[in-house]
Amino acid sequence: MAILGIETSCDETAAALVADDGEIVSNVVASQADLHAKYGGVVPEVASRRHLDLIAPVIEEALSGAPEPDAVAVTTQPGLIGALLVGVSAAKAFAWSRRLPLIPVNHLHGHVASLYLRPLDLQPPFTCLLASGGHTMLLDVTERAGYTVLGTTLDDAAGEAFDKGARLLGLGYPGGREIDALAQRGDPTAYDFPVARVPGLDFSFSGLKTSLLYKVRDLPAAELERRKADLAASYQRAIVRALVERLEAAGGGHVAVVGGVAANSELRAALPDAAFAPLPLCTDNAAMIASAARFVHPVAYPDYLSLDARATA
Ligand code: KG4
Ligand code: ZN
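Numbering (numbering that gives the first Met the number 0), first residue to last: 0 to 312.
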């Protein structure tokens with residue numbers, strides 16, 4: 000049995016074929032990052048239109064030379080509503096025309112399920128940090144079909160903090176990778192950034208962003224240019240510290256990290272015993288959606304034609 004996964008919740012148009020044992024047969028991701036870079040962030044309407052251009056060729060590429068899928072999985076929530084609708088419509092059309100079942104997948108479950116793909120094939124139980132551009136959550140995972148939310152961000156997501164920080168530093172979009180690269184050349188102890196300690200297991204990153212805003216504003220242009228790597232390194236250190244502290248507060252046991260921010264080199268180094276999704280599976284992709292679909296009830300043909308996309312989780 001093979002599942003065709005489709006993912007269009009943000010600015011990646013993705014399709015993948017995954018076998019039911021978690022083996023990735025194909026995994027195609029068309030990133031729109033270049034298209035949105037000139038705006039400094041994702042423009043929803045621009046993303047939807049580009050998904051429309053890309054979705055058919057991306058699916059075609061994922062299926063070229065591969066066996067016919069037995070089911071179609073698609074991200075139905077959360078995400079940009081117009082972007083999600085392109086994937087959901089394509090998935091319905093593909094499944095309906097072949098009389099296949101359709102499996103609706105929550106994008107966050109998809110990120111966690113990136114850990115269930117081979118060769119990693121991680122087995123619960125574990126505590127999972129999900130840190131992406133849209134979400135930052137601490138999850139208690141006891142089975143592959145789901146999870147319990149232990150904590151979430153009260154304001155910005157960790158990836159959003161990276162992206163906004165990069166923008167303040169005049170770096171490109173998406174900002175996480177840019178800060179990660181620049182920080183390699185900087186001193187992480189050069190500047191003091193606040194690590195928010197909110198009650199319970201929640202996160203907060205908005206104070207950190209404001210702190211960077213003030214530091215950037217107070218530096219003369221030439222000095223800012225000279226200290227950019229130090230600022231990036233210190234800022235990244237504060238985000239990583241906040242994430243690691245919360246994971247430690249969740250207490251012992253096996254730990255795993257998923258989502259775009261899981262690609263961060265300092266975070267990976269700070270948690271040597273944690274399981275990380277492989278780099279290409281940290282940022283949005285469709286293999287993780289097909290992976291999650293293995294643990295979700297399929298909707299039989301043709302009952303899914305009325306299935307809707309939802310912007311919220
Ligand atoms: O999971 P993802 O592709 O999309 C969402 O579901 O949001 O995550 C994208 C986020 C962006 O905010 C991006 O800046 C961040 O992941 N990111 C990184 C790195 N690579 C991507 N953040 C820190 N370090 C990185 N190396
Ligand atoms: Zn994501």
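Heads up, the beta-carbon is just placed ideally off N, CA and C, and yes, glycines get one too.
Remember, it's a predicted structure, so these values are computed and weren't measured experimentally.
- Counting along the chain, residue 295 sits inside no beta strand (DSSP E), nor does DSSP assign it H or E at all.
- Inter-segment contact for the stretch 213-232 and the stretch 77-84 is absent: fewer than three beta-carbon pairs are separated by less than 8 Å.
- Spatial neighbours of residue 148 in its own chain (CB-CB distance under 7 Å, excluding positions within 5 residues in sequence) are listed in chain order as 136, 138.
- The beta carbon of residue 162 sits closer than 7 Å to at least one heavy atom of the ligand KG4.
- In the three-state reduction of the DSSP assignment, residue 161 falls in the helix class.
- Just measuring C-alpha positions, the residue of 298, 311, 182 sitting nearest residue 101 is 298.
- Residue 288 sits away from residue 234, with the two beta carbons spaced by 8 Å or more.
- Distance from the Cα of residue 5 is smallest, within the candidate group 19, 28, 195, 21, for 28.
- Residue 225 has its alpha-carbon roughly 34 Å from the corresponding atom of residue 129.
- Within the same chain, Cβ atoms closer than 6 Å to the Cβ of residue 124 are found at 141, the five residues on either side in sequence being excluded.
- Taking a contact as a CB-CB distance under 8 Å, the pair residue 194 and residue 153 does not count as one, their CB atoms being some 14 Å apart.
- Around the Cβ of residue 222, a 10 Å sphere holds fewer than 16 other Cβ atoms; the residue is exposed.
- At a cut-off of 7 Å, the beta-carbon of residue 263 counts as near the ligand KG4: some heavy atom of the ligand is closer than that.
- Beta-carbon to beta-carbon, residue 113 and residue 257 are separated by about 5 Å, close enough to satisfy the 8 Å threshold.
- For residue 251, the secondary structure class from DSSP, reduced to helix, strand or coil, is coil.
- Under DSSP, the beta-bridge partners assigned to residue 26 are 15.
- Taking 3 residues as the minimum length, the beta strand (DSSP E) runs contained wholly in the stretch 117-187 are 125-130, 135-140, 147-151, in order along the chain.
- When DSSP states are grouped into helix, strand and coil, residue 220 belongs to the helix group.
- Burial check for residue 290: the Cβ neighbour count within 10 Å reaches 16 or more, so the residue is buried.
- The Cβ atoms of residue 68 and residue 106 do not sit closer than 8 Å to each other.
- Shown here for residue 161: same chain residues with a beta carbon closer than 6 Å to its own, the five before and five after excluded, namely 174, 175, 178 in chain order.
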